[in-house]
Amino acid sequence: MNELSQAAAMAGTVAFAATAVIAMAPRGIDLLTAMVMGLLTAIGGGTVRDLILGQPVFWSKDISYLWISLLASIITFWGYRLMSRRRVVALLLYLDAVGIALFAIQGAAKAWSLGFGLPLAPILLGIITAIGGGLIRDMLAGRDNLLMRRELYAIPVSAGCVAYGVLMTATPGSQNLIALLCMAFIFLFRAGAIRWKLEVPDWFRLSDNQSHG
Amino acid sequence: MNELSQAAAMAGTVAFAATAVIAMAPRGIDLLTAMVMGLLTAIGGGTVRDLILGQPVFWSKDISYLWISLLASIITFWGYRLMSRRRVVALLLYLDAVGIALFAIQGAAKAWSLGFGLPLAPILLGIITAIGGGLIRDMLAGRDNLLMRRELYAIPVSAGCVAYGVLMTATPGSQNLIALLCMAFIFLFRAGAIRWKLEVPDWFRLSDNQSHG
Amino acid sequence: MNELSQAAAMAGTVAFAATAVIAMAPRGIDLLTAMVMGLLTAIGGGTVRDLILGQPVFWSKDISYLWISLLASIITFWGYRLMSRRRVVALLLYLDAVGIALFAIQGAAKAWSLGFGLPLAPILLGIITAIGGGLIRDMLAGRDNLLMRRELYAIPVSAGCVAYGVLMTATPGSQNLIALLCMAFIFLFRAGAIRWKLEVPDWFRLSDNQSHG
Numbered sequence: 048m049n050e051l052s053q054a055a056a057m058a059g060t061v062a063f064a065a066t067a068v069i070a071m072a073p074r075g076i077d078l079l080t081a082m083v084m085g086l087l088t089a090i091g092g093g094t095v096r097d098l099i100l101g102q103p104v105f106w107s108k109d110i111s112y113l114w115i116s117l118l119a120s121i122i123t124f125w126g127y128r129l130m131s132r133r134r135v136v137a138l139l140l141y142l143d144a145v146g147i148a149l150f151a152i153q154g155a156a157k158a159w160s161l162g163f164g165l166p167l168a169p170i171l172l173g174i175i176t177a178i179g180g181g182l183i184r185d186m187l188a189g190r191d192n193l194l195m196r197r198e199l200y201a202i203p204v205s206a207g208c209v210a211y212g213v214l215m216t217a218t219p220g221s222q223n224l225i226a227l228l229c230m231a232f233i234f235l236f237r238a239g240a241i242r243w244k245l246e247v248p249d250w251f252r253l254s255d256n257q258s259h260g
Numbered sequence: 048m049n050e051l052s053q054a055a056a057m058a059g060t061v062a063f064a065a066t067a068v069i070a071m072a073p074r075g076i077d078l079l080t081a082m083v084m085g086l087l088t089a090i091g092g093g094t095v096r097d098l099i100l101g102q103p104v105f106w107s108k109d110i111s112y113l114w115i116s117l118l119a120s121i122i123t124f125w126g127y128r129l130m131s132r133r134r135v136v137a138l139l140l141y142l143d144a145v146g147i148a149l150f151a152i153q154g155a156a157k158a159w160s161l162g163f164g165l166p167l168a169p170i171l172l173g174i175i176t177a178i179g180g181g182l183i184r185d186m187l188a189g190r191d192n193l194l195m196r197r198e199l200y201a202i203p204v205s206a207g208c209v210a211y212g213v214l215m216t217a218t219p220g221s222q223n224l225i226a227l228l229c230m231a232f233i234f235l236f237r238a239g240a241i242r243w244k245l246e247v248p249d250w251f252r253l254s255d256n257q258s259h260g
Numbered sequence: 048m049n050e051l052s053q054a055a056a057m058a059g060t061v062a063f064a065a066t067a068v069i070a071m072a073p074r075g076i077d078l079l080t081a082m083v084m085g086l087l088t089a090i091g092g093g094t095v096r097d098l099i100l101g102q103p104v105f106w107s108k109d110i111s112y113l114w115i116s117l118l119a120s121i122i123t124f125w126g127y128r129l130m131s132r133r134r135v136v137a138l139l140l141y142l143d144a145v146g147i148a149l150f151a152i153q154g155a156a157k158a159w160s161l162g163f164g165l166p167l168a169p170i171l172l173g174i175i176t177a178i179g180g181g182l183i184r185d186m187l188a189g190r191d192n193l194l195m196r197r198e199l200y201a202i203p204v205s206a207g208c209v210a211y212g213v214l215m216t217a218t219p220g221s222q223n224l225i226a227l228l229c230m231a232f233i234f235l236f237r238a239g240a241i242r243w244k245l246e247v248p249d250w251f252r253l254s255d256n257q258s259h260g
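Protein chains in written order, with my numbering: chain A, 48 to 260; chain B, 48 to 260; chain C, 48 to 260.
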């Protein structure tokens, strides 16, 4: 079980770094920029979470996350033609979905186990863990951030973290089961969004007309 | 007195979150983005201050700030037509002025009471507490940040924090009086800027001509 | 020796703040914005490093860095016509090169001496110390960040930090000599890039054609 989650964390880290490089590539980046962007995207969210929790940042104890992020960035950069093929990108998107599912619930669980601002703060920190790195990447890249795109990305993460908070408040005994369920929920929701190109529904948005009206 | 400052903090938090949602709405946002932006704007500045001070973030002890920010964001989103009416926006702007006055001086006072880098660091941390959330919001929204607009917003905050630093150095005994005076100063300065649409005066700026010359 | 590094740190701080103000000036900024941007650029990188290391931020113990950044920002603002002359800008660029060389290796050495995630984390934290403030400035200014420009800026810093990590792993005894060598390397690499207007070579980049291909 623990090894499975280790493997998922590695896959997620690879996907975070690789998709960051692929997203930046059309702007004409160099290898170093690719490495920095890949690294920040992969470890940024968990780093902000640990700073807010007042805990040592997770990669100070286990630098394998740094190595994996850097390697994935370098391989994506040098192998860009291969890595940007439709099928590889699709695979990376699904691995990214594994990553956000795992990191969101792990982040929420870390805050929960510290009793940090229950029940709302763990939900917030789970979301930050999963999408914080992507937000930093988008700010550095100067592009519309992932919250402002119509893609269903932050919403599955947030729904899963809210579910985690609600279930943990209701039945705090079964935390492993709850964590597994919420991870599966996030992954399936996000995977469905990728598969069927789901977007944020209009009733959930303020359209431009409304807001100018 | 303490209850008054509690009420002012709540009003300020509501105003921070609501004005963030109103500022973002013309770009077409969804509910989740509204909640995240409202929350970050409302608690971002105080969070950065606490991280720099090495203190537990203020909302880990009292999650009511999280609830209030989220509720204000949701209400502003669903009630956008009402909340974006001229009179409501004007009210929110004045509440926002209450918020920056309170948070700036509370932030400076927190750093001062810890003896943190006196007298300059408390001034800086007061400014960060009041406008840090707005800066994060502007960076995420990819728009010109509040420092670069001609509106008198950061200047009242900064002037009040400098006054606090000077007065606390001169007469450290009367800290409650000084705090009250400086909050009143920031609020009145900012409220005057809203009321008479004051802008940063030209002699205080490098105009484009000068800078290109 | 210690006084020399003190003098270099001051010169670097002045250069960081002054070049930030000069970079922002064409957008028409006011004095306060100049001061905030100068300050964030000068102390931002080291602040992020200290937060990640879990150490008190360096300017809480010695606020002279704050004074120097603010003074340099003010002087650059009021003396913009003088400070933006070609020769003064060139001087500032070389002082900035001194600054990044010093701060990068000091940052890496601080992490190394704490045994923080050896050997990879000190390399990363050295880079963050040197260029983090500039990245924050670019994000706030809403312009292409320094990683995405073709100028050779982040690459000398990163090469020097990697060299530091490799040499410290290989011969940990001679840390002062290694630090000096790596600082000299960064400075000379960057100074050469300024002098001969060197850019990131094409083979080190994903060109737009390739990435769209």
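Quick reminder that beta carbons are idealized off the backbone N, C-alpha and C, glycines included.
Three-way DSSP call (helix, strand, coil) for residue i in this model
i                 : result
Asp249 of chain A : helix
Asp191 of chain C : coil
Ser221 of chain B : coil
Gly162 of chain C : coil
Phe236 of chain C : helix
Asp185 of chain B : helix
Asp143 of chain B : helix
Gly85 of chain C  : helix
Pro169 of chain B : helix
Gln102 of chain C : coil
Gly260 of chain A : Low local confidence applies: a pLDDT of 35 at Gly260 of chain A is under 50, so the model's placement there is unreliable, with the coordinate-based value given in what follows. The answer is coil: DSSP assigns Gly260 of chain A none of H, G, I, E or B.
Arg133 of chain A : helix
Lys157 of chain A : helix
Lys108 of chain C : helix
Thr66 of chain B  : helix
Opening and closing residue of the alpha helix (DSSP H) in which residue i lies
i                 : result
Ala74 of chain C  : Per the sequence shown, residue 74 of chain C should be read as Arg rather than Ala. Taken as a continuous stretch (DSSP letters only), Arg74 of chain C belongs to no alpha helix (DSSP H), as it is neither H nor E.
Leu199 of chain B : Run containing Leu199 of chain B: none; DSSP gives neither H nor E here.
Ile115 of chain B : Ser111 to Trp125
Chain C residues whose Cβ lies nearer than 8 Å to that of residue i
i                 : result
Leu171 of chain B : Leu86 and Leu113
Residue-level contact to chain D via CB, residue i, 9 Å cutoff
i                 : result
Val247 of chain A : Looking at the structure shown, chain D is missing, and the protein chains on hand are A, B and C.
Contact set between residue i and chain B, taken where Cβ atoms lie within less than 7 Å
i                 : result
Ser205 of chain A : Leu79
Listed by chain order, chain A residues near residue i by CB distance under 8 Å
i                 : result
Asp94 of chain B  : Going by the sequence as given, residue 94 of chain B is Thr instead of Asp. Near Thr94 of chain B (Cβ distances below 8 Å), the residues of chain A are Ile99.
Ala168 of chain C : Trp106, Ser107, Ile110 and Leu113
Ile150 of chain C : According to the sequence shown, residue 150 of chain C is Phe rather than Ile. Ordered by position in chain A, no residue passes the 8 Å Cβ test against Phe150 of chain C, which lies about 17 Å from the chain.
Contacts that residue i makes with chain A (C-beta to C-beta distance below 7 Å)
i                : result
Val61 of chain B : Chain A residues near Val61 of chain B: none, gap ~17 Å exceeds 7 Å.
Val83 of chain B : Leu194
Residues that residue i contacts on chain B, provided the C-beta gap is smaller than 9 Å
i                 : result
Leu187 of chain C : Leu182, Asp185, Met186, Asn192, Leu194 and Met195
Gly91 of chain A  : The premise fails here: Gly91 of chain A is roughly 14 Å from chain B at the closest Cβ pair, so nothing lies under 9 Å.
Gly164 of chain A : Val104, Trp106, Ser107, Lys108, Asp109, Ile110 and Leu113
Interface partners of residue i on chain A, CB under 9 Å
i                : result
Ile76 of chain B : Leu194, Met195, Arg252, Leu253 and Ser258
*Where the stretch 189 to 202 of chain A meets chain C: residues whose CB sits under 7 Å from a CB there*: Gly189
*Proximal residues, the stretch 117 to 141 of chain A versus chain C, C-beta separation under 9 Å*: Leu117, Phe124, Tyr127, Arg128 and Ser131
*May I ask you to list, following chain order, the residues of the stretch 219 to 241 of chain C that have a beta carbon less than 9 Å from some beta carbon of chain B?*
none
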